[in-house]
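Okay, so here's the structure we're looking at.
Number of protein chains: 2
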Amino acid sequence: MNLVLEEFLPYRFNRLAEALSRNASVTYKSEYGMTRPEWRAFALLGQKGTMTATEISYYSTMHKTKVSRAIFALEQKRWLVREVDENDRRLERITLTATGKRAYEKLVPKMQQIEKEMIARLGTENSAALFKGLAALEELYLDRETAARARKAG
Amino acid sequence: MNLVLEEFLPYRFNRLAEALSRNASVTYKSEYGMTRPEWRAFALLGQKGTMTATEISYYSTMHKTKVSRAIFALEQKRWLVREVDENDRRLERITLTATGKRAYEKLVPKMQQIEKEMIARLGTENSAALFKGLAALEELYLDRETAARARKAG
DNA sequence: AGAAATTAGTAACATTTGTAACAGTCTGTT
DNA sequence: AACAGACTGTTACAAATGTTACTAATTTCT
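If you're matching them up, the sequences are chains A and B in order.
Just so we're aligned, residue 1 is where the first sequence starts under our numbering, counting upward by one.
Just so we're aligned, residue 1001 is where the second sequence starts under our numbering, counting upward by one.
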């Protein structure tokens, strides 16, 4: 009858997720004034091009109201524009503006650098172990489609 | 210039942390009506015995206002009592009541079972890899003391 | 065709969380 | 002793998030 909180896996994951996010967010927060939901939507738009809010929600695993607010904020910054889809007028096609794309091109290398340094500090062996473990967990704990996307992404 | 959100480590950690927490919280939420902050404080009190709010905050990595609210809720449930420390009257010594301890003894095995099943599903090899990777990350990304505690905890 | 159900996105409301200020207590210096 | 500074825990206020309800558009079913 002895549970040690610090060894409890969900707690360890939460603590690490917070630490890694804090570490990564320094750049997009301080240099670009973005929140985490904004960063996620922004990263997806840069990655995939035109998307709808529902698609952003799906790929970012964020609730649609959160996405709605993030998109609004990015729109205020003039980093994206919306266009009503003429075939289905419920949909809004969301696309980064030229300004938004420039910001994306400047921000992404910095974010990649952060991740690269993290993996470098971990070392080859530890990061191989980590990635193996993460992939296995994702397979088990993310819904089938999400896991398939993660697996395919490698 | 191509960042894939689903491969981005902080995002993967956040998504998994959410999934694992959701999975674990089913039990303490539905059966015991506890929130996550309450569960963390409760688990620590059961684990370590009498503590102060500051100590709970330290070991749970939760802000003191969050701890304050969690303690208040657990007190309403009659699961803990406070006693002002006579040597330093700023401090409150917090201890589980007999009722609280009974709940702890009933809840902990269930939570351990959840974790055990998770590790079993992962398999020996994957969980070994996962634990190795997590330990290495904690070493790098949690502050020195926290990491030392985690390492010592094994 | 036309009613009923579904979908996309937003808005209103409630809850949770974070930030800043606070009262009470203790410590150290003079 | 008395003052400044630091510490513990709570409270008041602000910001973020989640839940529900809604409008408008589309699809489905009869």
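No residue lacks a Cβ here, since even glycine has one placed at the ideal position from N, Cα and C.
B/ARG1012 sits in a helix when the DSSP states are folded into three classes. DSSP links B/MET1111 through a beta bridge to no other residue. By the criterion of a C-beta distance shorter than 6 Å, A/SER127 is surrounded in its chain by ILE119, once the five residues flanking it on both sides are discounted.
Inside the stretch 1019 to 1097 of chain B, DSSP marks whole beta strand (DSSP E) runs of 3 or more residues at positions 1080 to 1084 and 1092 to 1096, from first to last along the chain. Nearest neighbour of B/TYR1141 by Cα position, chosen from A/HIS63, A/MET51 and A/LEU122, turns out to be A/LEU122. The Cβ of B/GLY1133 sits closer than 7 Å to at least one Cβ of chain A. When rounded, the separation of the alpha-carbon atoms in A/LYS132 and A/ALA70 is 32 Å. Interface residue (Cβ-Cβ distance to chain B less than 7 Å): A/ALA53 is not classified as such. Residue burial is scored here from C-beta neighbours: A/ARG22 has fewer than 16 other C-beta atoms within 10 angstroms and is therefore classed as exposed. Put simply, of A/LYS77, A/ARG93 and A/LEU20 the residue whose alpha carbon is nearest the alpha carbon of A/THR54 is A/ARG93. The Cβ atoms of A/LEU44 and A/ILE56 lie closer than 7 Å to each other. With contacts defined by Cβ atoms closer than 7 Å, B/PHE1013 and A/LEU20 form a contacting pair.
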